[in-house]
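Visitor: Shown below is the structure under consideration.
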Amino acid sequence: MPRFSTLGLTAAVAALGLAMGAAVMSPATAAPTYTILHTFNGVDGNGPQGALLQDLKGNLIGETIFGGTLGFGNIYAVSSDGSVFNSIYSFANSPDGASPMGGLRNFIGDVQLLGNDVGVAQTGGTNGLGTVFASDLSGHETTLHNFAGGAFGDGDTPSGRLLYWLPNNSYYGTTLGGGSGNESGTVYRISANGSSYNVVHVFTGPDGAGPLDGLQYGGDGNFYGVTSGGGANGNGTVFRISPSGAFKVIYSFSASGAVDGSLPEGVLASDFKGNLYGITNQGGLGGVGTIFTIRTSGAGFKTLYAFTGGTDGGNPQASLTLGITDCEHSLDTAAGQRAFAADLNSSWHGGGAPSGILYGTASTGGAGGGTVFSYNVSTKAFTVLYAFTGGLDGGTPLGKLLVSLDGNIYGTTNAGGASNAGVVFKISGGSGHVLRRSFVVPHTYR
C-alpha cells in the first residue's frame, strides 16, 4: 500500500481529492531572526488579536479588534514577505458585528483552502452582543448568527476561535457570558451555513465560568476547553464536552493558584496521545502564569513552567501551538482515513506528528513588551525566541502563533509599532524546522 510523508495541508488536500504539494520538515540550526511584516496605522486596522490563517499562496489572514475604515475592526491579509497588504473587510458594528477576535477558521484548521472562513465578532450585531460570521475573503461578509443573550439563552459575547467538526458539518464555539441561569457562558454549535444554532452546554459557576477562548479536539471524539473562572475553587477549570453536550470538569484550579496557576486562557493544544497543553494568565510560583499539561482523562496534571515576569515573560494569554514534524498516513486503509479525519481537527495544521515543542507568547516581561517562547516537553528547555520592547518592534502579543509549513513562525502584537496599533511579525529559524523538499500527493480520500 502506498505510504507517504505528509503534513496537515497534504492531509486536507488529499481528503478533498486534490493534488497539492506537501512539505517535509527537517531540523534547522539557524538562530531566530525577527522581521516586521506590517505595522498597523489604525485605518488599516488596530489591535490585531487571535490566530492567523495561511492560504495556499502563503498569505497571512487575520483580524484586528479596532480600526479599519469604520473603526470597528477588520479582516486583513498580508503576504508572507510583507510586500503586499490588503484590508479585506471593515466591520460596521451593526448588523455585522464589531471587534472580531479569536481568528478565522477554515474547516481545514490553520490552512485556508476552500469555502468561506468563519469567525466571531465579540460585540455589535443587531443586538449588540456579538455575531458569528462568514467571509469569502473578497470583501463579502455574511452574518450567520446574532446573539440575543438574556432570556433567549443563546449566550452573549462570543469568545475565541471556532472549531469545525466534520461529522455534523458544524462549528463549535463558546460565549463569555449569557446562557440561562447566572449567565456564566455557553458552549454552542452552529451549522456551517448558519441554518441551525444550538446551545450544547450552559456554565453555572461550579462547572466553570467565563470561557475566554474556544475548544480543541482531543483525538478521542471529545472536545476540551478551559474556563477563566468558576470551578470548585473559583480559579477556573479544564473541561471535556462531547459533540452532543455530555460535559465533565476534569480539573479545577486550586484556590491559591500558587503552584498550578489561575485564570486559564487560550485554546488547549493536543498531541492526540491523550496529552493536552495550556497556559494560565496568573498564578504559579512567579505569580504571572504557567504552562501546564493534563491527560484527557483528567489525570496527570502538571505545571511544566512557571513564568517569572522577567526576561522570560509573564501573563501569557494566547493559545499554545504544538510544533510539527514528519508523519505518515496511508489513505488506502481505514485506519489511515480515520487518522486524516482526526487530523482535520488538530491544534497545529491538522496533521504531522507533534514535535513535542510548544510555541507561545507572553504578554508582559521580556524587554518590556512580552516575549515569543518555545518549550521542549521532552527536555524541559524553555527558550525565549524574541523579547519585545513595546516600541517600534511591537508589544503585548495576544494572538496564537502560526508555525508555518515554510519553517517560519508568524504572529501579531496587539500594540506597539509606529502608531501603537500593533504589528504582524515573522520569526525565521525559530521553529527548529526548515522546508526540505516538496512533492505531489495524488491520492483520493474515500
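Numbering of the sequence shown is given in my numbering, commencing with residue -14 and proceeding in unit increments.
Built from N, CA and C at the ideal position, the CB exists for glycine as well.
None of the values given here were measured: they were computed from a predicted structure.
1) Buried or exposed: threonine 296, going by 16 or more other Cβ atoms within 10 Å of its Cβ?
2) Do glycine 56 and glutamate 48 count as a contact pair if the criterion is CB distance below 9 Å?
3) Excluding the 5 residues flanking tyrosine 236 on each side, which residues of the same chain have their C-beta closer than 7 Å to its C-beta?
4) Are the CB atoms of isoleucine 175 and histidine 125 nearer to each other than 9 Å?
5) State yes or no: is the C-beta of leucine 41 within less than 9 Å of the C-beta of isoleucine 60?
6) To the nearest angstrom, how far is it from the Cα of isoleucine 73 to the Cα of glycine 199?
7) Cβ-heavy atom distance between histidine 23 and the ligand GTP below 8 Å?
8) Using C-beta distances below 7 Å, list every residue in its chain close to glycine 190, excluding the 5 sequence neighbours before and after it, in chain order.
9) Is it true that the CB of aspartate 391 sits closer than 9 Å to the CB of glycine 43?
10) Under 8 Å by Cβ, that's how I've got valine 234 and glycine 271 pegged, so tell me the actual separation to the nearest angstrom.
11) How far does the beta strand (DSSP E) with lysine 411 in it extend, from its first residue to its last?
12) Short check: CB of glycine 401 to CB of glycine 376, under 9 Å?
13) Residues bridged to lysine 287 by DSSP?
14) Thinking C-alpha only, which one of Asp102, Ala106, Pro301 and Asn71 is nearest alanine 83?
15) With DSSP as the reference, please indicate the residues paired to lysine 233 in a beta bridge.
16) Give me whichever residues DSSP pairs with glycine 125 in a beta bridge.
17) Is there contact here, the segment 351 to 360 with the segment 111 to 128, by at least three beta-carbon pairs under 8 Å?
18) Please report the Cβ distance between valine 184 and isoleucine 226, rounded to the nearest whole angstrom; I am assuming they are in contact, meaning their Cβ atoms lie under 8 Å.
19) Leaving out five residues before and five after asparagine 300 in sequence, what residues of the same chain have Cβ atoms less than 8 Å from its Cβ?
20) Measure the Cβ-Cβ separation of glycine 251 and serine 304 and say whether it is below 9 Å.
21) Rounded to the nearest angstrom, how far is the Cβ of tyrosine 173 from that of aspartate 139, given a contact under 8 Å?
22) Helix, strand or coil: which one does DSSP assign to alanine 77?
23) If we ignore side chains and look at the alpha-carbon of each, how far apart do glycine 158 and asparagine 220 end up?
24) For proline 17 and tyrosine 371, which I take to be in contact (beta-carbon distance under 8 Å), what is that distance rounded to the nearest angstrom?
Guide: With the structure as the only source:
1) Working through the sequence shown from its first residue, we reach residue 296 at position 311. Threonine 296 comes out exposed.
2) By one-based count along the sequence shown, residue 48 stands at place 63. By one-based count along the sequence shown, residue 56 stands at place 71. Not a contact, by the Cβ cut-off of 9 Å.
3) The sequence position of residue 236 within the sequence shown is 251, counting from 1. Taken in chain order, the residues that qualify are Thr222, Val223, Ile279, Gly283 and Phe286.
4) Working through the sequence shown from its first residue, we reach residue 175 at position 190. Working through the sequence shown from its first residue, we reach residue 125 at position 140. Cβ distance not < 9 Å, so isoleucine 175 and histidine 125 don't count as in contact.
5) Here residue 41 corresponds to residue number 56 of the sequence shown, with the count starting at 1. Here residue 60 corresponds to residue number 75 of the sequence shown, with the count starting at 1. Their beta carbons are not under 9 Å apart, which means leucine 41 does not touch isoleucine 60 by this criterion.
6) Taking the first residue of the sequence shown as 1, we reach residue 73 at position 88. Taking the first residue of the sequence shown as 1, we reach residue 199 at position 214. So the two alpha carbons sit approximately 24 Å from each other.
7) The model depicted lacks the ligand GTP and carries no ligand whatsoever.
8) Your numbering for residue 190 matches position 205 in the sequence shown. For glycine 190, where only same-chain residues beyond five positions count, the Cβ hits under 7 Å are Asn167, Ser169 and Gly215.
9) Position 58 of the sequence shown holds residue 43. Position 406 of the sequence shown holds residue 391. Yes, they are a contact pair.
10) One-based indexing of the sequence shown puts residue 234 at position 249. One-based indexing of the sequence shown puts residue 271 at position 286. Rounded, the Cβ-Cβ distance is 26 Å, inconsistent with contact.
11) Residue numbering aside, residue 411 sits at position 426 when the sequence shown is read from its first letter. Segment 408 to 413, the beta strand (DSSP E) holding lysine 411.
12) Mapped onto the sequence shown, residue 401 falls at position 416. Mapped onto the sequence shown, residue 376 falls at position 391. In contact: glycine 401 and glycine 376 (Cβ atoms closer than 9 Å).
13) Indexing the sequence shown from 1 puts residue 287 at position 302. According to DSSP, which records beta bridges pairwise, lysine 287 is partnered with Thr278.
14) For this step, residue 83 is matched to residue 98 along the sequence shown. When each option's Cα is compared against that of alanine 83, the closest is Ala106.
15) Mapped onto the sequence shown, residue 233 falls at position 248. Partner(s): Arg225.
16) Position 140 of the sequence shown, counted from the first residue, corresponds to residue 125. The amino acid at residue 125 is misidentified as glycine; the sequence shows histidine. BP columns for histidine 125 are empty, so no partner.
17) The segment 351 to 360 makes no contact with the segment 111 to 128; the number of CB pairs closer than 8 Å stays below 3.
18) For this step, residue 184 is matched to residue 199 along the sequence shown. For this step, residue 226 is matched to residue 241 along the sequence shown. Not really, about 12 Å apart at Cβ, beyond 8 Å.
19) Within the sequence shown, residue 300 is the residue found at index 315, counting from 1. The residues are Asn266, Gln267, Val273, Gly274, Phe292, Gly294, Ala347, Ser348, Thr349 and Gly350.
20) The residue you call residue 251 lines up with position 266 of the sequence shown. The residue you call residue 304 lines up with position 319 of the sequence shown. Cβ atoms of glycine 251 and serine 304: closer than 9 Å.
21) Taking the first residue of the sequence shown as 1, we reach residue 173 at position 188. Taking the first residue of the sequence shown as 1, we reach residue 139 at position 154. Their Cβ separation, rounded to whole angstroms, is 7 Å, which keeps tyrosine 173 and aspartate 139 in contact under 8 Å.
22) Within the sequence shown, numbered from 1, the residue matching residue 77 stands at position 92. Three-state DSSP puts alanine 77 in coil, outside helix and strand.
23) Numbered from 1 along the sequence shown, position 173 holds the residue referred to as residue 158. Numbered from 1 along the sequence shown, position 235 holds the residue referred to as residue 220. Cα-Cα distance, rounded: 21 Å.
24) Mapped onto the sequence shown, residue 17 falls at position 32. Mapped onto the sequence shown, residue 371 falls at position 386. Confirmed, Cβ separation roughly 6 Å.
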